[in-house]
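Enquirer:
Laid out in structure tokens, this is it:
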């Protein structure tokens, strides 16, 4: 036992004190929240301070441009007042239309496009002549519009929008179509302006119609339950994003822990073989002690990582008031399942390492194992959507997938029957024992083998014949 | 406990169709330096690995320190394999501490310090292994094998690749181990090293034992039938020399092997007629010479099997 611990300590130290591990501990949370953080930190700094857009307003008397300009000025003033100096301000510039003939229209679009290419403008908007006239219910235009509205998105309905005649749309031309901030803002401003203008022309009371047109939201809530004192407590509002993020995060985190834990164990064994350390070690420890030591070492390392991340996740959840989504029960199951998952896959990886004579060879043997590890990732969206289905239950009882899927289901379903995680755990423990045993046999034979690596058939023979 | 550190009885080891060790019998007495010699690929390392229980014999028994069950991981046996390496990133003292710990020694720092000083490595204790030269890391590996004070030390080619200065340092360390009552088995393909150090020689060729016994006994068996000659000018010519079986030319001198019962004085007399003699010595045959004779005589038989 003390030999196993000596090996485990060395493996743990060798793995944890590497720059790679320290960086992965420090960087991974950053990477996870990195895009959010980067957006917060870099907002406005990445782009120009001022963005200039041209507007061709073909509506009678250019009524819409004036509204857009006023909205832009109000927005800029609001940002200044709020002290958000690093936010971009919009400058809109009116360009009078140069005639109605198709050639004239094209020529003007080309002229403005050239200004965009030169960098004077970020883009330009062309407001169709007839946008304020409400389309009649039975026209083709109206059908296309309502279809487009159903899809409710700016880019994906390009196909339909392209069919619509210019007078009834607002065109936005730019050489950077991915930066949609301005076009969305303008779309919103112009549409509410157009809506009220249409109403002014109708016999109805505008204020009444606006309130009639307001959509009614469906608000998701958790189930109503009784608290400790027996009082019925209404269900709190559900944050769908968090509900999704928790199981997603659990699966991804456990996947990462397995990979970060097991991969270095495999490369470590290959290295010991390549640098001829294996036989030196075998002068002092048995192959089984060596393998167990390695497993204990990587499990220790993986749990270190798990605790760092779980602690971080819990702190973040607590900070934003979502800690009821990450209960001690979930964290406990997470740690228990992570422990066995690293043990299980670690012994497979170590056996692969022992069967190969260089790092390149490991890749051929790794790919089928990687597919097994990735099963939960493939099934993830299905399981998260319908965690109570028969399929989800069976998937979570498949031992190689149990750690990730079962923990995710525990997180989603507060009333998951307790026998399921327990049966899952029993199966996982049995599978782990089998793989440690089989891995140990492969390890013992493979460790001193030099030259060509083994294939799966040979490895199976080693397992059976020892 | 018997006074034999290692007993090998009728051991055979095959790798596929190749027989690496064939019906081997061997006894290594406690407290000796036992040299395994033979050319590369003759079965030395396989025999040592079987003694270490890293390989298991197909036939026969091996007893190490009186036990048949003793495995390589035993704390009383130290092992320096031929294929050896160290963790490159670890510091010298750290890796020695690790090797002591997996041998069950927790308080190893004084011994590590002593050994590093003994092998002139004290300045390198805090350096990572990858900073060491090949000779230095070989000395570190030697310390790793003996740090836990084992009773039996098995060294596979401990001197290969060492410069003469380091070879001397290591040789003295091995002799000290013997003086402390330890049993040392080492293999080498360098016969002259074995000749200088070993109490008992075991010579293996193509998996078979060809010689086994105390060095002086072996040499006596082959008698003083060798003459080492150096002429002032030119080289000795075999013709006209009575009873000379063979001449080995080493460039600066020649070794003459005499037929049984040949009188060396008659050879001297004949040599004087070939030129002025600078050196004339009646010598025992070297191990190398004995090996060549054994193999030369028996080779046909060995190959024939």
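Protein chains in written order, with our numbering: chain A, 1 to 466; chain B, 1001 to 1305. We put the CB at the ideal spot given by N, CA and C, even for glycine.
What are the partner residues of residue 1254 of chain B, as DSSP defines its beta bridges?
Expert: In the DSSP output, where bridge partners are listed per residue, residue 1254 of chain B has B:1229, B:1249.
Enquirer: In the stretch 1085–1105 of chain B, which residues sit with their C-beta less than 8 angstroms from some C-beta in chain A, listed in chain order?
Expert: Residues 1085, 1086, 1087, 1088, 1089, 1090, 1098, 1099, 1101, 1102, 1103, 1104.
Enquirer: With 7 angstroms as the C-beta to C-beta threshold (strictly closer), list the residues of the stretch 1037–1063 of chain B near chain A in chain order.
Expert: Those residues of the stretch 1037–1063 of chain B that come within reach of chain A (Cβ to Cβ, closer than 7 angstroms) are 1052, 1054.
Enquirer: What does DSSP give as the partner residues of residue 91 of chain A in its beta bridges?
Expert: Per DSSP, A:52.
Enquirer: Compute the Euclidean distance between the alpha carbons of residue 198 of chain A and residue 236 of chain A, then round it to the nearest angstrom.
Expert: So the two alpha carbons sit approximately 40 angstroms from each other.
Enquirer: Give a yes or no on whether 9 angstroms exceeds the smallest Cβ distance from residue 446 of chain A to chain B.
Expert: With 9 angstroms as the cut-off, residue 446 of chain A does not count as an interface residue toward chain B.
Enquirer: By Cβ distance below 6 angstroms, which residues in the same chain neighbour residue 310 of chain A in space, the five residues on each side in sequence not counted?
Expert: 331, listed in sequence order.
Enquirer: Find the residues of chain A that neighbour residue 1111 of chain B, judging by a C-beta separation of less than 9 angstroms, and give them in chain order.
Expert: The premise fails here: residue 1111 of chain B is roughly 15 angstroms from chain A at the closest Cβ pair, so nothing lies under 9 angstroms.
Enquirer: Counting only runs of 4+ residues fully inside the stretch 1035–1074 of chain B, write out the alpha helix (DSSP H) ranges in chain order.
Expert: Correct list: 1044–1051.
Enquirer: Ignoring anything shorter than 4 residues or poking outside the stretch 376–456 of chain A, list the alpha helix (DSSP H) runs there in chain order.
Expert: Listed in chain order, they are 390–396, 402–412, 419–446.
Enquirer: Of all the options B:1042, B:1192, B:1037, B:1174, which has the alpha carbon lying nearest to the alpha carbon of residue 1184 of chain B?
Expert: If we check each option's Cα against that of residue 1184 of chain B, B:1174 comes out closest.
Enquirer: For residue 956 of chain B, which residues of its own chain have a beta-carbon under 6 angstroms away from its beta-carbon, when the five flanking residues on both sides are left out?
Expert: No answer is possible for residue 956 of chain B: it lies beyond the span of chain B, which begins at 1001 and ends at 1305.
Enquirer: For residue 66 of chain A, report the span of its alpha helix (DSSP H) as first-last.
Expert: 63–81 is the span of the alpha helix (DSSP H), which, as asked, contains residue 66 of chain A.
Enquirer: Could you check how far apart the C-beta atoms of residue 1126 of chain B and residue 1093 of chain B are, in whole angstroms? I think they sit under 8 angstroms.
Expert: Indeed they touch by this definition, with Cβ atoms about 7 angstroms apart.
Enquirer: Residue 1245 of chain B: which of B:1264, B:1233, B:1232, B:1230 sits nearest, CA to CA?
Expert: The shortest C-alpha separation from residue 1245 of chain B is found at B:1264.
Enquirer: Can you tell me which of the three DSSP states residue 1205 of chain B falls into?
Expert: In the structure shown, residue 1205 of chain B sits in a strand (DSSP, three-state: E or B).
Enquirer: Name, going along the chain, the residues of the stretch 276–294 of chain A whose beta-carbon falls closer than 8 angstroms to a beta-carbon of chain B.
Expert: Cβ contacts with chain B: 276, 277, 279, 280, 281, 282, 283, 284, 285, 286, 289.
Enquirer: For residue 1247 of chain B and residue 1163 of chain B, I'd like the C-alpha separation in whole angstroms.
Expert: For residue 1247 of chain B and residue 1163 of chain B, the distance between alpha carbons rounds to 31 angstroms.
Enquirer: Compare the beta carbon distance of residue 270 of chain A and residue 357 of chain A with 9 angstroms and say whether it is the shorter of the two.
Expert: Yes.
Enquirer: Residue 287 of chain A: buried (16+ other C-beta within 10 angstroms of its C-beta) or exposed?
Expert: Buried, by the Cβ-count rule.
Enquirer: Starting from the beta carbon of residue 6 of chain A, find every residue of chain E whose beta carbon is closer than 8 angstroms, and list them in chain order.
Expert: As a matter of chain content, chain E is missing from the structure shown, whose protein chains are A and B.
Enquirer: Any beta carbon from chain A within less than 9 angstroms of residue 1151 of chain B's own beta carbon?
Expert: No, residue 1151 of chain B lies away from the interface with chain A (no Cβ there is under 9 angstroms from its Cβ).
Enquirer: Is DSSP giving residue 1023 of chain B helix, strand or coil here?
Expert: Residue 1023 of chain B: strand per DSSP, three-state reduction.
Enquirer: Label residue 341 of chain A either buried or exposed according to how many other C-beta atoms from any shown protein chain fall within 10 Å of its C-beta, with 16 as the threshold for buried.
Expert: Result: buried.
Enquirer: Tell me, please, which residues DSSP counts as bridged to residue 1187 of chain B.
Expert: In the DSSP output, where bridge partners are listed per residue, residue 1187 of chain B has B:1036, B:1156.
Enquirer: State the start and end residues of the unbroken alpha helix (DSSP H) segment that holds residue 314 of chain A.
Expert: Note, residue 314 of chain A: alpha helix (DSSP H), 287–319.
Enquirer: Please determine if the stretch 315–331 of chain A and the stretch 273–284 of chain A are in contact, where contact requires at least 3 C-beta pairs separated by less than 8 angstroms.
Expert: Because the criterion of three Cβ pairs below 8 angstroms is not met, the stretch 315–331 of chain A and the stretch 273–284 of chain A do not touch.
Enquirer: When you compare the CB positions of residue 1087 of chain B and residue 1021 of chain B, do they come within less than 9 angstroms of one another, or not?
Expert: For residue 1087 of chain B and residue 1021 of chain B, no; Cβs fall outside 9 angstroms.
Enquirer: Measuring CB to CB, does residue 87 of chain A end up less than 9 angstroms from residue 53 of chain A?
Expert: Against a cut-off of 9 angstroms, the Cβ pair of residue 53 of chain A and residue 87 of chain A comes out as no contact.
Enquirer: Say whether the stretch 406–416 of chain A touches the stretch 433–453 of chain A, bearing in mind that this needs 3 or more beta-carbon pairs closer than 8 angstroms, one atom from each stretch.
Expert: Counting Cβ pairs under 8 angstroms, fewer than three are found: no touch.
Enquirer: Between the stretch 1008–1028 of chain B and the stretch 1168–1182 of chain B, can you find at least three pairs of beta-carbon atoms closer than 8 angstroms?
Expert: Contact fails: fewer than three Cβ-Cβ distances are below 8 angstroms.
Enquirer: Between residue 1234 of chain B and the rest of its own chain, which residues show a CB-CB distance below 7 angstroms, the 5 nearest in sequence each way excluded?
Expert: 1275.
Enquirer: Across which residues does DSSP place residue 123 of chain A in a beta bridge pair?
Expert: Answer is A:53, A:174, bridged to residue 123 of chain A.
Enquirer: Helix, strand or coil, according to DSSP, for residue 263 of chain A in the structure here?
Expert: Looking at residue 263 of chain A - three-state DSSP - the assignment turns out to be helix.
Enquirer: Return the CA-CA distance between residue 1012 of chain B and residue 1286 of chain B, expressed in angstroms with no decimal places.
Expert: Taking the straight line from one Cα to the other gives about 29 angstroms.
Enquirer: For residue 1079 of chain B, which three-state DSSP category applies?
Expert: Three-state result, residue 1079 of chain B: strand.
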